[in-house]
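Taking our numbering, I'd label the letters of the first sequence as residues 82 to 567.
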Amino acid sequence: MTNIRTRFAPSPTGRMHVGNLRTALYAYLIAKHEGGTFILRIEDTDQERFVPEALGIIYRSLEEAGIGHDEGPDKDGGYGPYVQSERQAQGIYMKYAKQLIDQGDAYYCFCDEERLSKLKKVINGKEVHFYDKHCLHLSKEEVEANLAAGKPYVIRMNMPTEGTTTFHDVIYGDITVNNDELEDLILIKSDGFPTYNFANVVDDHLMKITHVVRGNEYLSSAPKYNRIYEAFGWDIPVYVHCPLITDENHNKLSKRSGHSSFEDLLEQGFLPEAVVNFVALCGWSPEEDREIYSLDELVKVFDYRRISKSPAVFDYTKLRWMNGEYIKKMDFDAFYEKAKPFLESTIHRSMDLKKVAGMVQSRIEIFPDIPELIDFLEEVPDYEIELYRNKKSKTTPETSVEVLKELLPVFEQQEDYSNDALFAALKQYVSEKGCKNGYAMWPLRIAVSGKQSTPGGASEIMELLGKEESLKRIRAAIRKLEEALA
RNA sequence: GGUUCCUUGGUCAAGCGGUUAAGACGUCGCCCUCUCACGGCGAAAACAGGAGUUCGAGUCUCCUAGGAACUACCA
């Protein structure tokens with residue numbers, strides 16, 4: 082079996098779209114599953130859209146995702162350079178384009194914008210372009226004269242107008258189009274840079290890419306690329322087109338959704354492993370019935386033939402769930418380190434933050450969930466006394482004052498403010514009074530937290546708060562209730 | 001408009017001619033429980049429609065409908 086070589090070929094124009102992340106992941110998994118080579122190539126042929134920071138984003142994102150490349154701009158594997166602008170500077174693309182011209186498969190085109198715009202049509206509010214092969218019919222002399230005069234030009238592929246072209250995709254099968262649908266696409270732009278179409282084909286061949294993994298948006302143009310391969314007489318790689326990832330409206334996931342890029346997600350408090358896991362399952366499913374996979378496990382089980390054809394909606398809610406699963410499985414110390422900033426920004430009084438972290442670990446899905454869960458530890462929020470009314474515990478504001486007043490001296494005398502000791506004291510009170518746990522626990526919890534639900538119960542909260550603050554809160558609650566009931 | 005692709009519950013999806021049509025998220029209910037969460041158990045919820053082929057179709061073919069992508073000197 083030949084060595085599998087796949088590549089991820091982003092263009093440095095901004096943040097890493099989750100669709101791109103998934104493409105990178107699949108390309109990586111396909112290679113690694115077979116012990117192959119994964120290559121990073123930078124497609125910076127569009128100077129206008131190029132943003133320098135994007136390079137850093139690409140490296141950082143791949144690293145955070147754990148998707149390491151074997152070859153790339155920073156790791157020469159003998160197929161460099163791995164940046165297209167550098168390859169362009171070496172004249173690689175022009176050399177191949179000229180070969181095509183010599184063969185009669187491509188031609189110079191001197192049409193200016195004015196002429197081109199006359200070929201545009203607007204159908205249903207959309208601009209539709211087509212090129213009429215005008216410059217194909219230029220005589221050799223005319224071409225020479227134009228070139229000598231320094232007239233700007235592009236190089237176009239001369240597509241056949243009769244017959245059909247078929248290409249094969251592992252996911253979608255055979256796709257056949259009529260050749261008259263094929264446009265004479267531009268190979269080299271007037272600034273001397275290659276287009277994506279051309280650079281991609283040339284580089285994939287030169288870098289011996291065996292499996293081309295890319296988004297489904299290229300599916301309809303794929304037959305055109307086949308013509309280029311054929312004109313050169315090159316082997317056509319295995320195509321793996323991945324289905325689109327869409328938003329809830331089934332449109333291409335865009336920046337407007339607020340979570341379209343890997344960086345967005347990390348900023349929102351998601352763990353990179355969780356995002357990778359989630360994105361792997363967006364458009365692919367394992368043979369076994371299971372959801373949680375580490376990257377290494379994915380490498381083992383990934384079978385690209387199980388990639389699905391239909392587009393997948395990006396389910397933010399499920400991502401949150403999955404992130405929660407990863408958080409619950411985190412080693413406590415690691416969790417604490419990640420949670421610390423959120424803990425410290427909401428709690429300023431002295432308290433055992435590790436205990437707080439422990440209470441919160443099974444209750445959050447992303448780290449930014451922490452503050453609103455524990456804000457009451459810093460300060461009791463303003464609350465309605467109706468909170469004291471609880472059907473199941475059979476409590477009302479009236480029963481609550483009574484209980485709190487009876488409990489106050491108990492806790493004033495209590496010296497050991499550990500959870501266990503406090504809970505024992507409460508149990509004793511409950512059994513002496515002959516009531517249900519909740520009858521006492523509920524009002525006490527409300528008194529010290531001011532919230533309907535809290536991470537941890539009354540005694541756990543009091544342990545964190547300590548004696549002084551706990552008593553202060555109980556007294557304040559009694560006052561609040563008495564005033565309201567008076 | 002043209003071309004291409006897609007179509008199983010709200011969402012991700014399994015299924016590859018014979019199943020009570022999995023599972024997960026979400027939703028709801030119950031249990032556990034000092035509230036909530038975790039955990040456990042359970043429920044509601046789907047083969048877009050129509051013709052064929054076949055003893056038998058979610059699975060194969062065709063048509064219709066819906067959706068999406070592409071249709072750039074962007075990738």
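Ideal Cβ placement from N, Cα and C applies to all residues, glycine included.
**Asked** Are the Cβ atoms of E134 and S92 separated by less than 8 Å?
**Response** no
**Request:** Under the assumption that G296 contacts G100 (Cβ atoms under 8 Å), give the Cβ distance between them as a whole number of angstroms.
**Result:** 6 Å
**Prompt:** What separation, rounded to the nearest whole angstrom, lies between the Cα atoms of Y189 and C216?
**Reply:** 7 Å
**Message:** For the beta strand (DSSP E) containing V132, name the first residue and the last one.
**Reply:** No beta strand (DSSP E) contains V132, which DSSP labels as neither H nor E.
**alpha helix (DSSP H) segment containing G242, residue limits** = In the sequence as displayed, the identity of residue 242 is Thr instead of Gly. Note, T242: premise wrong, no alpha helix (DSSP H); not H, not E.
**Asked** Taking Cβ positions, are G531 and F457 nearer each other than 8 Å?
**Response** yes
**Prompt:** Who are the near neighbours of P536 in its chain, counting only those whose CB is closer than 6 Å to its CB and skipping five residues on each side?
**Reply:** M440, V441, R444 and L454
**Message:** Less than 8 Å between the beta carbons of N239 and A187, yes or no?
**Reply:** yes
**Asked** Which same chain residues, not among the five before or five after K333, have their C-beta less than 7 Å away from its C-beta?
**Response** L325 and T327
**Asked** Of the residues E115, L106 and M97, which one's Cα is nearest the Cα of R86?
**Response** E115
**Message:** Does the structure place the stretch 247-260 close enough to the stretch 378-392 that three or more beta carbon pairs sit under 8 Å?
**Reply:** yes
**Prompt:** How many angstroms separate the CA atom of K473 from the CA atom of P353?
**Reply:** 42 Å
**Request:** Answer yes if the stretch 540-558 comes into contact with the stretch 484-496, meaning at least three C-beta pairs across the two stretches below 8 Å, and no otherwise.
**Result:** yes
**Chain-order list of residues whose beta-carbon lies under 6 Å from that of D568 (same chain, five-residue window excluded)** = As shown, the chain starts at 82 and ends at 567. That puts residue 568 outside it, with no answer to give.
**Prompt:** Can you list, in chain order, the residues of its chain whose CB lies under 8 Å from that of V319, leaving out five sequence neighbours each side?
**Reply:** V251, T291, H292 and V293
**Message:** Taking a contact to mean a Cβ-Cβ separation below 8 Å, would you say Y469 touches S481 in this structure?
**Reply:** yes
**Asked** Just reading off the alpha helix (DSSP H) that D456 is part of, what are its end residues?
**Response** I451 to E459
**Asked** Is the stretch 335-346 touching the stretch 136-149, taking contact as three or more C-beta pairs under 8 Å?
**Response** yes
**Request:** Leaving out five residues on either side along the sequence, give the residues of the same chain with a beta carbon under 6 Å from the beta carbon of S166.
**Result:** D125
**Through-space distance from K201 to K232, alpha-carbon basis** = 23 Å
**Asked** How many angstroms separate the CA atom of H322 from the CA atom of Y385?
**Response** 10 Å
**Asked** Rounded to whole angstroms, how far is the Cβ of M543 from the Cβ of S551, which I believe are closer than 8 Å?
**Response** 4 Å
**Prompt:** What span of residues does the beta strand (DSSP E) with E152 cover, start to end?
**Reply:** Looking at the DSSP string, E152 is not in any beta strand (DSSP E), and its letter there is neither H nor E.
**Request:** Give a single yes or no on whether S499 has its beta carbon closer than 7 Å to a heavy atom of the ligand COA.
**Result:** Judged by which ligands are present, the structure shown has none, so any question about the ligand COA falls away.
**Item:** Cβ-based neighbour list, A438, same chain, cut-off 7 Å, excluding 5 preceding and 5 following
**Value:** F416, Y417, A420 and L424
**Item:** 6 Å Cβ shell around P304 - same chain, five flanking residues per side excluded
**Value:** T246, F248 and V258
**Prompt:** So what does DSSP say about Y70, is it helix, strand or coil?
**Reply:** Beyond the ends of the chain as shown, which are 82 and 567, falls residue 70; an answer cannot be given.
**Request:** Return the chain-ordered list of same chain residues with a C-beta closer than 6 Å to the C-beta of P162, the five sequence neighbours on each side being excluded.
**Result:** R168
**Message:** Tell me the DSSP secondary structure of H249 in three-state form.
**Reply:** strand
**Request:** Determine the extent of the beta strand (DSSP E) in which L268 is found, giving its start and end residues.
**Result:** I267 to I269
**Request:** Starting from R295, follow the beta strand (DSSP E) in both directions and report where the run begins and ends.
**Result:** H292 to G296
**Prompt:** So, helix, strand or coil for G254, using DSSP?
**Reply:** strand
**Boundaries (first-last residue) of the beta strand (DSSP E) holding E208** = K207 to V209
**Prompt:** For E493, which option in P462, E549, I182 and S499 has the closest C-alpha, if you only look at C-alpha atoms?
**Reply:** E549
**Request:** Starting from the C-beta of P367, find all residues in its chain whose C-beta is less than 6 Å away, skip the five residues before and the five after it, and write them out in chain order.
**Result:** V382
**Prompt:** Which class does N84 belong to by DSSP, given the choice of helix, strand or coil?
**Reply:** coil
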